[in-house]
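Colleague: Chains as they are written, first to last, in the working numbering: chain Y, 9 to 328; chain C, 283 to 390.
Virtual Cβ for every residue (Gly too), placed ideally from N, Cα, C.
Since the structure is predicted, the reported quantities are computational estimates derived from the model, not experimental observations.
Right, I'll just put the structure down here and ask away after.
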Amino acid sequence: MLRQIVIIGSGPAGYTAAIYAARANLAPLVIASSVEFGGELMKTTEVENFPGFPDGIMGPDLMMKMQAQAERFGAEIVYDDVLKLELAGDIKKIHLGDGSVVEALAVIYATGSEYRKLGLEDETRLSGYGVSWCATCDGAFFKQKKVAVIGGGDSALEEATFLTRFADKVFLVHRRDEFRASAAMQDRAFADPKIEVLWNQEVAHIYGDEKVTGIGLTSTVDESETTLDVTGVFVAIGSDPRTHLIHGQLDLTDLGTIAVEGRSSRTNIPGVFAAGDVVDPTYKQAITAAGSGTVAALDAEHYLDDLPADLIARATAVPA
Amino acid sequence: MSSARDVTDASFEVDVLQSDKPIMVDFWAEWCGPCRAVSPILDKIAEENADKLSIVKLNVDDNPQTAEKYGITSIPAMYVFKNGEVVKRVIGAKPKPALEADLAEFLA
């Protein structure tokens, strides 16, 4: 079956694109991911800066509402993963994990970004055994323990604050001497008696055989070394765009995000549009992702309007 | 949540350690999003391999002793037990093909 539009990704960008595409009668299919549907907001607690929610809203609840809104207007959601993409030509092919191949006239690529790793030797080995990228997921296992959060942005400070619900002590380790997090988050962190900020420190080692027993820090000022006795290390140093599926097909910017024309979502391949964190190296907010999802849906709608009638007829034909 | 049978701190010895065939314990909690995401996949794997591998689940909030005994620090954690010993650890929600690859030796 040839679809008019397939949306890859189910974060704010993907679902907002789905809402707009569905309301334009484009019958979008959203490939939501088998285990990571809902995107990064599924792993956060209170979202206080998404406009329209003066009392805040839990991340998973916000994503459930976005999904419900998309489905209300006719978007179809499939909980599978994309294994391969063939984007050239009029008919794009999307290979799914269950072995099926979906064909579409237009594709919106909104796969978001994934957590950056420190790149240390024992990081992967101890992942899940004390090394974590998700405080809300794993924080509960560190009741009354000492943990470290690595990073200096909103995510790092939010994770540190969240972890104080469980841990006795949270070291907030940052390689510079000031945070880039919002003033509100910084105030909260500085006021918390359980949080101790360690400035100008980089993580050089993660210690532990079966699980984390500590981390080794190196000062960025004088290269002195210290060891922190912690049993949990939460890495919150940013994220990188998920572009592996389109390497060799879509152009990337110098920062590794998908290149789009000006403020549109148009990539170098006609009929392929990109939205959300995978396009944005700078702002990466739920609301900016949602906004870019709208842009992609409107760009895709415009593109479909200009396609030859026979192609559209094939995609909108009612099955016999 | 998953349709797998619940095991508890009290029933662990009999239900898991004394199981006569390989048995996987899915450590989960109500607040764990990725646990919810992986549970239908585990149900499918259990259904397709009923004769080779049993899958049961243990709520870590209700059963902290077992969770602590096996050093659980991240969920979902799927531990395969054989003859009372942990023989395989899988941490984190993964798509079905990836989980099947991790469990290949038990599904053969």
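Does the beta carbon of threonine 239/Y come closer than 9 Å to any beta carbon on chain C?
Modeller: Chain C contact via Cβ: present.
Colleague: Relative to the C-alpha of aspartate 162/Y, which residue among Phe187/Y, Lys202/Y, Ile16/Y, Thr53/Y is closest?
Modeller: For aspartate 162/Y, the nearest C-alpha among the options comes from Phe187/Y.
Colleague: Per DSSP, lysine 364/C is paired with what?
Modeller: For lysine 364/C, which the question treats as bridged, DSSP gives the partners Glu367/C.
Colleague: Going by other Cβ atoms of all chains shown within 10 Å of its Cβ, with 16 needed for buried, is serine 232/Y buried or exposed?
Modeller: The residue in question, serine 232/Y, is exposed, as its Cβ has fewer than 16 Cβ neighbours within 10 Å.
Colleague: Between the region 283-290 of chain Y and the region 113-133 of chain Y, do at least 3 Cβ pairs fall closer than 8 Å?
Modeller: Flag = yes, the region 283-290 of chain Y and the region 113-133 of chain Y touch.
Colleague: Can you check whether the C-beta of glycine 315/C is within less than 9 Å of a C-beta belonging to chain Y?
Modeller: Chain Y, which has a Cβ nearer than 9 Å to the Cβ of glycine 315/C, makes this yes.
Colleague: Excluding five sequence neighbours on each side, which residues of the same chain lie with their C-beta closer than 6 Å to the C-beta of serine 273/Y?
Modeller: Counting only Cβ-Cβ distances below 6 Å, and skipping sequence neighbours, we find Phe281, Ala282, Ala283, Val303, Ala304, Asp307.
Colleague: Taking the beta carbon of asparagine 345/C as the centre, do at least 16 other beta carbons fall within 10 Å, making it buried, or is it exposed?
Modeller: Classification of asparagine 345/C: buried, given that the 10 Å Cβ count is 16 or more.
Colleague: Determine whether the Cβ of glutamate 166/Y lies closer than 9 Å to any Cβ atom of chain C.
Modeller: Not closer than 9 Å to any Cβ of chain C, the Cβ of glutamate 166/Y fails to qualify, so no.
Colleague: In chain C, which residues lie with their C-beta within 8 Å of the C-beta of glycine 256/Y?
Modeller: In chain order: nothing, as chain C lies at least about 23 Å away.
Colleague: Please list, in chain order, all residues of the same chain as aspartate 384/C whose beta carbon is under 6 Å from its beta carbon, the five residues on each side excluded.
Modeller: Within the same chain, aspartate 384/C has close Cβ partners Val372.
Colleague: DSSP three-state call for glutamate 129/Y: helix, strand or coil?
Modeller: If DSSP states are grouped into helix, strand and coil, glutamate 129/Y belongs with coil.
Colleague: Using alpha carbons as the reference points, say which of Lys370/C, Ala380/C, Pro358/C, Ser321/C lies closest to serine 285/C.
Modeller: Minimum Cα distance to serine 285/C is reached at Ser321/C.
Colleague: Going along the chain, which residues of the region 23-55 of chain Y sit with their C-beta nearer than 9 Å to a C-beta in chain A?
Modeller: No chain A appears in the structure shown, which is made up of the protein chains Y and C.
Colleague: Report yes or no: do the region 315-326 of chain Y and the region 144-163 of chain Y share at least 3 C-beta pairs separated by less than 8 Å?
Modeller: No, the region 315-326 of chain Y is not in contact with the region 144-163 of chain Y.
Colleague: Establish whether the CB of threonine 355/C and some CB of chain Y are separated by less than 9 Å.
Modeller: Yes, because at least one Cβ of chain Y sits closer than 9 Å to the Cβ of threonine 355/C.
Colleague: Quick check: what's the CA-CA separation for lysine 125/Y versus methionine 193/Y?
Modeller: Spanning the two alpha carbons is a distance of roughly 23 Å.
Colleague: Quick check on proline 379/C - is its C-beta less than 9 Å from some C-beta in chain Y?
Modeller: Yes, because at least one Cβ of chain Y sits closer than 9 Å to the Cβ of proline 379/C.
Colleague: If you follow the beta strand (DSSP E) that valine 115/Y is part of, which residue opens it and which one closes it?
Modeller: 109-117 is the extent of the beta strand (DSSP E) around valine 115/Y.
Colleague: Along the region 110-139 of chain Y, where does the CB come closer than 8 Å to a CB of chain C? Name the residues.
Modeller: Those would be Ser135, Gly136, Tyr137, Gly138, in chain order.
Colleague: If contact means a Cβ-Cβ distance below 9 Å, which residues of the region 213-247 of chain Y contact chain C?
Modeller: If the cut-off is 9 Å between Cβ atoms, the region 213-247 of chain Y has Glu218, Lys219, Val220, Thr239, Gly240 near chain C.
Colleague: With a cut-off of 9 Å, does the C-beta of valine 342/C fall near any C-beta of chain Y?
Modeller: Cβ-Cβ to chain Y under 9 Å: yes for valine 342/C.
Colleague: How about the region 82-92 of chain Y and the region 34-42 of chain Y: do they share at least three Cβ pairs that are nearer than 8 Å?
Modeller: Contact holds: three or more Cβ-Cβ distances are below 8 Å.
Colleague: Bridge partners of tryptophan 310/C, per DSSP?
Modeller: Answer by DSSP bridge pairing, in chain order: Asn341/C.
Colleague: Could you please give me the residues that DSSP links to isoleucine 266/Y through a beta bridge?
Modeller: Looking at the DSSP assignment, isoleucine 266/Y forms a beta bridge with Leu260/Y.
Colleague: Measure the C-alpha to C-alpha separation of threonine 324/Y and glutamate 295/C and round it to an integer number of angstroms.
Modeller: Spanning the two alpha carbons is a distance of roughly 58 Å.
Colleague: Any idea if glycine 160/Y is buried or exposed, counting beta-carbon neighbours within 10 angstroms, 16 or more meaning buried?
Modeller: Buried, since its Cβ has 16 or more Cβ neighbours within 10 Å.
Colleague: Mind checking glycine 366/C: buried by the 16 CB within 10 Å criterion, or exposed?
Modeller: The residue in question, glycine 366/C, is exposed, as its Cβ has fewer than 16 Cβ neighbours within 10 Å.
Colleague: Closer than 8 Å between beta carbons: that is the criterion. Which residues of the region 318-331 of chain C meet it against chain Y?
Modeller: Hits within the stretch, in order: Ala319, Val320, Ile323.
Colleague: Contact defined as beta carbons within less than 8 Å: I believe glycine 240/Y pairs with valine 220/Y. What is the distance between those atoms, to the nearest angstrom?
Modeller: About 7 Å; that satisfies the 8 Å criterion.
Colleague: Taking beta-carbon pairs under 7 Å, can you tell me which members of the region 296-309 of chain C lie near chain Y?
Modeller: Answer in chain order: no residues at all.
Colleague: Considering Cα atoms alone, identify which of Glu166/Y, Ser227/Y, Trp141/Y, Asp98/Y is closest to aspartate 195/Y.
Modeller: Closest option to aspartate 195/Y, Cα to Cα, is Glu166/Y.
Colleague: Could you pull the start and end residues of the beta strand (DSSP E) that glutamate 84/Y belongs to?
Modeller: 84-86 is the span of the beta strand (DSSP E), which, as asked, contains glutamate 84/Y.
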